[in-house]
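Undergrad:
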Amino acid sequence: MKILLVEDEPKVASFLHKGLTEQTHNVDIATDGLTGLRLALSNSYDLLILDNLLPSLSGLEVCRQVRTQNSSVPILMLTALGETDDKIRGLDAGADDYLVKPFAFQELLARIRALVRRRHEGPTTETLLRLADLTLDPARKLVQRAGQPIQLTAREFALLEYLLRNQGRVVSRVDILEQVWETSFDTGSNVIDVYINFLRKKVDKDFTPKLIHTLVGMGYVMREE
Ligand code: CA
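Under UniProt numbering, the residue at position 168 of the sequence shown is numbered 168, and the numbers go up by one with no gaps.
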């Protein structure tokens with residue numbers, strides 16, 4: 001895989017470069033945001049790893065600008081502990097996932113595998129998933145509610161697809177972590193709640209009936225009530 005790593009801390013950059021190269025990945029490094037953005041837009045990468053706090057342009061801004069160019073390259077953001085708002089803004093800016101520093105290299109590899117596997121899942125001939133006036137087309141990656149197209153990020157799409165496939169059934173946070181994030185690491189983060197909120201804003205907020213329901217202490221369920 002061809003990976004762009006945008007990281008200004010030399011120690012972290014060289015540690016990641018060494019580890020990823022050992023995994024036979026081809027890694028380009030940029031140490032500031034503008035260089036990272038320029039490289040991201042002028043090359044074809046299989047994955048971007050963006051630190052958030054960077055000289056010249058933040059990782060968040062790099063992410064946003066890459067997405068405005070209509071690129072669907074998987075983006076993994078790195079954030080420092082405690083930058084919760086930045087984490088959420090990163091996901092909102094179109095990142096597919098984030099890791100909180102410091103992290104174990106094995107966890108980074110697990111995240112990378114999950115992101116890339118999802119991207120390479122080929123088109124299927126499956127029919128629409130449907131609940132009330134919400135439809136999701138797994139093959140064409142399209143979501144509509146009441147006939148209006150809804151734009152979702154890759155991760156939001158995966159979460160909605162999982163919930164719709166299990167409609168009527170209560171799924172726990174652990175189920176979602178394992179099936180959508182493909183990890184059993186619970187970093188103690190509120191990532192799932194954050195994504196459920198993103199989905200609610202896009203899929204439920206301006207429509208009735210509400211389809212995404214929280215069952216306190218148990219998880220989530222999609223159904224028409
Ligand atoms: Ca940094």
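Don't be surprised by glycine CBs; every beta carbon is placed ideally from N, CA and C.
Determine the direct distance from the alpha carbon of Met-222 to that of Arg-169, and round the result to whole angstroms.
TA: Reading the sequence shown from its first residue, position 169 is the one you call residue 169. Reading the sequence shown from its first residue, position 222 is the one you call residue 222. One C-alpha to the other measures close to 7 Å.
Undergrad: Measuring only the C-alpha atoms, how far is His-213 from Gly-33?
TA: Stepping through the sequence shown from its first residue, residue 213 is reached at position 213. Stepping through the sequence shown from its first residue, residue 33 is reached at position 33. Rounded to whole angstroms, His-213 to Gly-33 spans 39 Å at the Cα level.
Undergrad: Determine contact between the segment 96-109 and the segment 69-76, defined as no fewer than three beta-carbon pairs at a distance below 8 Å.
TA: Contact holds between the segment 96-109 and the segment 69-76, because three or more Cβ pairs, one in each stretch, are under 8 Å apart.
Undergrad: Just to check my reading of the structure: Gly-219 and Val-171 have Cβ atoms closer than 8 Å, yes? What is that Cβ distance to the nearest angstrom?
TA: Position 219 of the sequence shown holds residue 219. Position 171 of the sequence shown holds residue 171. 5 Å between Cβ atoms; contact.
Undergrad: Would the segment 43-52 count as touching the segment 3-13 if we require 3 or more Cβ pairs under 8 Å?
TA: Yes: the two stretches touch, three or more of their Cβ pairs being nearer than 8 Å.
Undergrad: With hydrogens ignored, establish whether the beta-carbon of Leu-108 is closer than 7 Å to any heavy atom of ligand 1.
TA: Counted from its first residue, the sequence shown places residue 108 at position 108. Not so, every heavy atom of ligand 1 lies at least 7 Å from the Cβ.
Undergrad: Rounded to whole angstroms, what is the Cα-Cα separation between Gln-69 and Ile-49?
TA: Indexing the sequence shown from 1 puts residue 69 at position 69. Indexing the sequence shown from 1 puts residue 49 at position 49. For Gln-69 and Ile-49, the distance between alpha carbons rounds to 17 Å.
Undergrad: Between Leu-78, Ala-146, Leu-159, which lies nearest to Pro-209 when the distance is taken from Cα to Cα?
TA: On the sequence shown, position 209 is the one that residue 209 refers to. Per the Cα distances, Ala-146.
Undergrad: In this structure, how does DSSP classify Ala-158 when only helix, strand and coil are distinguished?
TA: To locate residue 158, count along the sequence shown from 1; it is residue 158. In the structure shown, Ala-158 sits in a helix (DSSP, three-state: H, G or I).
Undergrad: Relative to ligand 1, is the shortest distance from any of its heavy atoms to the C-beta of Leu-16 smaller than 7 Å?
TA: What you label residue 16 is simply residue 16 of the sequence shown in a count that begins at 1. No, the Cβ of Leu-16 stays beyond 7 Å of every heavy atom of ligand 1.
Undergrad: Can you name, in chain order, every residue of its own chain whose Cβ lies under 8 Å from the Cβ of Ile-196, other than the five neighbours on each side?
TA: In the sequence shown, counting from the first residue as 1, residue 196 sits at position 196. So the qualifying residues of the chain are Leu-159, Ile-212, Thr-214, Tyr-220.
Undergrad: Comparing alpha-carbon positions, which option in Leu-134, Thr-153, Lys-11 lies nearest Arg-64?
TA: One-based indexing of the sequence shown puts residue 64 at position 64. By alpha-carbon distance to Arg-64, the top candidate from Leu-134, Thr-153, Lys-11 is Thr-153.
Undergrad: At 3 residues or longer, and completely inside the UniProt domain "Response regulatory" (2-116): list those beta strand (DSSP E) runs for me, N to C.
TA: 2-6, 26-30, 47-51, 75-80, 97-101
Undergrad: Do Asp-137 and Leu-128 have their C-beta atoms closer together than 8 Å?
TA: Within the sequence shown, the letter at position 137 stands for residue 137. Within the sequence shown, the letter at position 128 stands for residue 128. Yes, Cβ-Cβ distance for Asp-137 and Leu-128 is below 8 Å.
Undergrad: Helix, strand or coil: how does DSSP classify Leu-163 here?
TA: To locate residue 163, count along the sequence shown from 1; it is residue 163. Three-state DSSP puts Leu-163 in a helix.
Undergrad: Using three-state DSSP, classify Val-216 as helix, strand or coil.
TA: Indexing the sequence shown from 1 puts residue 216 at position 216. Val-216: coil per DSSP, three-state reduction.
Undergrad: Which residues in the same chain as Arg-200 place their Cβ atom closer than 7 Å to its Cβ, once the five residues preceding and following it in sequence are excluded?
TA: In the sequence shown, residue 200 corresponds to position 200, counting from 1. Only Ile-212 meet the Cβ criterion.
Undergrad: If distances are taken between C-alpha atoms only, which option among Asp-204, Gly-90, Tyr-162 comes closest to Glu-182?
TA: Along the sequence shown, one-based indexing puts residue 182 at 182. Ranking the options by Cα distance to Glu-182, first place goes to Tyr-162.
Undergrad: For a quick check, are the C-beta atoms of Thr-21 and Val-27 less than 8 Å apart?
TA: For the purposes of this step, residue 21 is taken as the residue at position 21 of the sequence shown. For the purposes of this step, residue 27 is taken as the residue at position 27 of the sequence shown. Taking 8 Å as the Cβ cut-off, Thr-21 and Val-27 qualify as a contacting pair.
Undergrad: Taking only three categories from DSSP, how would you classify Arg-173?
TA: In the sequence shown, residue 173 corresponds to position 173, counting from 1. Reduced to three states, the DSSP call for Arg-173 is helix.
Undergrad: Applying the 10 Å Cβ sphere with the 16-neighbour rule, what's the burial state of Asp-193?
TA: The residue you call residue 193 lines up with position 193 of the sequence shown. Asp-193 comes out exposed.
Undergrad: Quick check on Thr-24: buried or exposed, where buried means 16 or more other Cβ atoms within 10 Å of its Cβ?
TA: Taking the first residue of the sequence shown as position 1, residue 24 is located at position 24. Classification of Thr-24: exposed, given that the 10 Å Cβ count is below 16.
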